[in-house]
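Every position in the sequence shown, counted from 1, becomes a number in the working numbering once 1 is added.
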Amino acid sequence: MAKYERAGAVAMACALFVVGCSDSVDPADGTGAGSGTPSGSGATGTGGGASSGPGVGGGVGDSYTVTFDPITVSPGQENTQCVTKRLTNDTEIKVGKIHNELQAGSHHLIVYRTVDTEEAPDPVNCQPFADTLDPAKGAPLMVTQKHDELLELPAGVGFSLQAGQMVRLEMHYINATSEDLQVGATSTFYEMADGTFQNEADFLFLGNPDIKIPPNAPYTVGPTFLPLPDKVAGANFFGITGHTHQWGKDVKVNVATDKADTGTEVYNVPGWQWDEPATVIHDPPFQLPEGGGFRFTCEYQNGSNQEVGFGESAKDEMCFFWAYYYPSVGAFVCAHTDQIAGGIDICCPGSIACSQLF
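Below is the structure:
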């Protein structure tokens, strides 16, 4: 295969991975299973913009809330929309907690810090996960698929937000009912106490787009071994969340030295639920073996009469997880695919294919 053909194929696989990140219809309310981040009581925001309020817990500074104001969603409607708003912090702050709340139908939320200069307070259609590939545009801070989730970073670890930081809320919503539904979301940032910040946190998306589930049948993707860029060596991983769509039954993640190594378990949630996936917090954090990576498996039970493949539609499936780590060397989207002969590992930014996606 010619070099440019190979690069094009890699870019196509990576593009599939990035845009295929919406969830399926038939959402169900419930509580996450297994060990995950605790549900917390956070500050409330006002109106359609960002606001400040009292912090929570001892030794915490102000809090700042951004809202995706409620909108009416018709039966059967599914979409991904974004709002971009400016925080009211007048100096740079370090954030040690983020609390997201989603209304019924607001099925997953991605919170970004961005370099946008103009607010866009009214929801507009947007491409799922698009800016995760380009650090010049910003970076994701948190993904939530639960209706109430608190991410509490390890002591001394935080996200840096510039004065008047622009924040984008990317919300995928689905109305699987027969009546109009009000959907919306809030994201509240809790400032760390002065003098406590030591390390910058960051975020990874990792997965495998090679999904082809027969009708009315079980199916397993993996185990897939995915090495990470050398610059991530020595990173401390403290949180992992698995993700599939409606036919997903389980996601398991190990750390391993190479493809032949079964590795050590870091994510295995009894009773795992695709619609309320637990975030497993590691205290103390774990590191990858030298030269190693993640080994992960996704399990499914297709309850439909159709073959199910990878993608963003309600009839498609996903196999990936996100991981929080420090100290930051940037946010990455990484995938392994065997759609190219011999298999290909892709990490963006950094791959020659990534520039074809911006």
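Yeah, the Cβ is synthetic: ideal placement off N, Cα and C, and Gly gets one too.
Of VAL112, TRP248, GLY77, VAL158, the smallest CA-CA separation from GLU308 is found for TRP248.
The beta-bridge partner set that DSSP reports for PHE198 is empty.
If you compare the alpha carbons of GLU119, MET193, PHE239, THR280 with that of VAL252, the shortest gap goes to THR280. Assignment of beta-bridge partners to GLN302 by DSSP yields PRO219.
Three or more pairs of CB atoms, one per stretch, sit closer than 8 Å, so the segment 289 to 297 contacts the segment 233 to 240.
The C-beta of GLY185 has 16 or more other C-beta atoms within 10 Å across all chains shown, which makes the residue buried. The three-state reading of DSSP puts LYS138 in coil, since its state is none of H, G, I, E or B. Between THR145 and LEU103, the C-beta gap is smaller than 8 Å, which places the two residues in contact. The Cβ-Cβ distance between ILE175 and CYS320 does not fall below 8 Å. With 16 or more neighbouring CB atoms inside 10 Å of its own CB, VAL256 falls in the buried class. Taken through DSSP and simplified to helix, strand or coil, VAL233 comes out as helix. Under DSSP, ASN255 takes part in a beta bridge, and its partners are GLU266, ARG296. By the criterion of a C-beta distance shorter than 6 Å, HIS337 is surrounded in its chain by ASN209, THR225, LEU227, ASP346, once the five residues flanking it on both sides are discounted. As the crow flies, the alpha-carbon of PRO124 is around 13 Å from that of LEU110.
Distance from the Cα of ASP339 is smallest, within the candidate group VAL67, SER75, GLY223, PRO141, for GLY223. The alpha-carbon separation between TYR325 and GLN199 amounts to approximately 16 Å.
Put simply, the backbone Cα of LEU154 is about 11 Å away from that of MET143.
Look at LEU182 here: in three-state DSSP terms it is strand. In the displayed model, SER75 falls within coil according to three-state DSSP, outside both helix and strand. Two segments are said to touch when three or more pairs of C-beta atoms, one from each, lie closer than 8 Å; by this definition the segment 86 to 105 touches the segment 164 to 178. GLY97: member of the beta strand (DSSP E) spanning 94 to 103, first to last residue.
For the set TRP275, GLY304, GLU266, the Cα lying nearest the Cα of PHE295 is the one of GLU266.
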